[in-house]
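Data first, discussion second: the structure below is written as structure tokens.
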Amino acid sequence: MRLSPAPALDPSLAGSLVLLHLAVVAGGLALLSSASASGLESVRCRLQGTPHPPAFSQDGDFVIGGVFSMHYYMHTVDHSYTSLPEPLQCTGSMDSRELRFSRAMVFAVEEINNSSDLLPGVKLGYQVHDSCNSAPMAVKVAFQLVNSLDPMFDTGEQCTGSATVTAIVGESGSTPTISMLRITSPFGIPQVSHYASCACLSDKKQYPTFFRTIPSDQFQAAALAHLIRHFGWTWIGAVRSDSDYGNNGMAAFLQAAQEEGICVEYSEAFSFINPVSRVQRVADVIRSSTARVVVAFVASGDMRILLEEMDRLPSPPRQWIGSESWVTDPDTLRFGLCAGAIGFGIQRSVIPGLRDFLLDLSPQKVSNSPMFTEFWEGAFGLRNVTGFQWVASEAWVTASLLTSPQFHPLLQGTLGFSFPGVSIPGLGDFLLKVRPSPTPGSEFINMFWEELFGCKLDFGADSGSKCPRLTAMCTGSEDLSVTLSQDLL
């Protein structure tokens, strides 16, 4: 495959890209084949494999690619090599922080497009993809950004053409970032990461087109060693992600720790793609160790796996020292064993308008985006988000029956008018005095009582229960005040 290098950026566009990447901080392998035809100047080039549609996209004069790990994992299958492999798919829960990163990029593009000072007369577009925190998916997306989404296109005699995107924002992880750079760097496409912190990426000979807006882990590793020495902890354990991020970061930390006179009892590596037994072994090493301080240079997705295993068989409390990837991740706060964990984080900044942009998600926007729909359903426990806005008449908008949880996914946010409530002295007390009775004329109250409390009245053979499916017996003195809606009282 041969592609011509990306067009050079003029200074104003390059400056706008810097603003774009700062905003992000705050908040099948496409092989080409050609079929030549004699006498024709162009050939037909076909992309092999199934395209991976972007999560968010917008056309523009210049298109910027975005790659974020919006899902924690990629679905893996064992290939038989007797048929075409299934398309790569993301799986597992969504990473809300990564979704915010992707939306921050969209916000920055819109801010630039709406500005009269930045790139006047030029419209920026974007293609934002989910890499599933996976190197294979990141490679597929990189090829796709370099080529296009068109399965077949006309081009020159040797299937050459300009890249689809002018620049790329991402990836969040160091290993997927490195995988993408192997594809994009030879074509001169600049790639700016907001979160890939591996010191190895500072090698300009290997990665001449890579830039980032986050410090190298070389600084974080030294700072963690100084922090541990400050508290007088000299006997520690160490765990790391088995990745470029974890291995390089831990190597730098161990060297700094040795210079500080800190002794390490063990150093273990693991990854979420490892068998469960591997993660269990690392957890057992931590549980059985004598070191009560654990330094974890671990990616957030890997850390979730380890904490879930540690939570299964709790051990004596330990002091966790975390790398920035997970120690600032809100998802780790649900694990009680991480209480008191310390580490370093990137300094926050406030970008006017970003918060309102992130919160501006109407039901219509959610229903039009599969990514938003999945996030919405996971965050709020909803299903079948429809995007409909119900406007109701008073007859049913005030009905207590329709406020039950089963109707929330469909009716949440319904609008309507109701008559103003009137307080009638004594009515509430009168209603609460209602009781079932075996006397004639009380059949309706008896049926109401049985249905309301899910029990059966027994007033003798003459009365009997109108709800034969019920087995629990009513006492007749159940408390109405805890079951009747407030508007009846």
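First residue of the sequence shown? That's 90 in my numbering, and the numbers climb one at a time after it.
Virtual Cβ for every residue (Gly too), placed ideally from N, Cα, C.
None of the values given here were measured: they were computed from a predicted structure.
Tell me which residue opens and which closes the beta strand (DSSP E) that residue i is part of.
i    : result
M183 : Q178 to M183
Y162 : H160 to H164
A256 : A256 to V258
Can you check DSSP and say which residues form a bridge with residue i?
i    : result
E398 : Bridge partners of E398: none, in fact.
E594 : Absent from the structure is residue 594, since the part of the chain shown begins at 90 and ends at 578.
I410 : V384 and I431
S220 : Beta-bridge pairing links S220 to no other residue.
F300 : V281
L290 : Answer by DSSP bridge pairing: none, since L290 is not bridged.
C352 : W324
Q147 : Y215
D481 : A small correction: the amino acid at residue 481 is Ala; Asp does not occupy that position in the sequence shown. Per DSSP, G505.
K40  : Lying before the first or after the last residue shown, residue 40 is absent from the chain, which here runs from 90 to 578.
M562 : K545
First and last residue of the alpha helix (DSSP H) that includes residue i?
i    : result
I153 : Looking at the DSSP string, I153 is not in any alpha helix (DSSP H); the run it does join, the beta strand (DSSP E), is F151 to F157.
I375 : V365 to S377
V235 : A224 to V235
A312 : D306 to H319
I362 : Here I362 belongs to no alpha helix (DSSP H), and DSSP marks it neither H nor E.
G517 : L516 to L521
F36  : Outside the shown range of the chain (90 to 578) lies residue 36, about which nothing can therefore be said.
L569 : Segment: none, L569 is in no alpha helix (DSSP H) and carries neither H nor E.
D445 : L443 to L448
I267 : S263 to T273
Between residue i and the rest of its own chain, which residues show a CB-CB distance below 7 angstroms, the 5 nearest in sequence each way excluded?
i    : result
R271 : none
A288 : S305, D306, Q307, N337 and A341
E357 : V328, V371 and V374
Q369 : E398
W538 : P525, L546 and C563
G335 : R329, A358, F386, V387 and A388
C174 : Residue identity check: residue 174 is Pro in the sequence provided, not Cys. Taken in chain order, the residues that qualify are H168.
G530 : none
Tell me which residues share the same chain as residue i and place their Cβ nearer than 6 angstroms to its Cβ, disregarding the 5 neighbours each side in the sequence.
i    : result
R407 : R381 and V383
T264 : A224, S332 and D333
M460 : A144
G154 : Q216, L234, V254 and I257
H164 : Q178 and T180
Y162 : T180 and G181
F414 : It should be noted that the sequence gives Ser, not Phe, for residue 414. Within the same chain, S414 has close Cβ partners A388 and S389.
Given a cut-off of 8 angstroms, decide if residue j and residue i are closer than it, judged by their beta-carbon atoms.
i    : j    : result
D418 : R186 : yes
S146 : Y215 : yes
H160 : C221 : yes
V523 : I534 : yes
A285 : G321 : no
F433 : L395 : no
E354 : S377 : no
S191 : A227 : no
T298 : I278 : yes
A481 : G505 : yes
G467 : S204 : no
F361 : G390 : yes
V211 : D150 : yes
V156 : G259 : yes
S507 : T487 : yes
D420 : R393 : yes
V416 : A430 : yes
L426 : P403 : yes
L521 : S566 : no
H218 : H141 : yes
So, at 8 angstroms on beta carbons, what are the nonlocal neighbours of residue i in its own chain, with the 5 sequence-adjacent residues on each side left out?
i    : result
A112 : Since pLDDT at A112 reaches only 44, below the 50 mark, its modelled position is unreliable, and the value read off the structure follows with that caveat. Around A112: A193, M194, F196, A197, E200, I440 and L443.
A103 : In this prediction, A103 scores a pLDDT of 45, lower than 50, which makes its location untrustworthy; no coordinate-derived value is stated.
V166 : P174 and E175
A579 : Not covered by the structure: residue 579. The range shown for the chain is 90 to 578.
A561 : G543, C544 and K545
N363 : D331
Taking only heavy atoms of the ligand FAD into account, decide whether any of them is closer than 7 angstroms to the Cβ of residue i.
i    : result
G335 : Looking at this structure, you won't find the ligand FAD or any other ligand, since it has none at all.
Taking only beta-carbon positions, decide if residue i is within less than 8 angstroms of chain C.
i    : result
I513 : Given the protein chain composition of this structure (a single chain), no chain C is represented.
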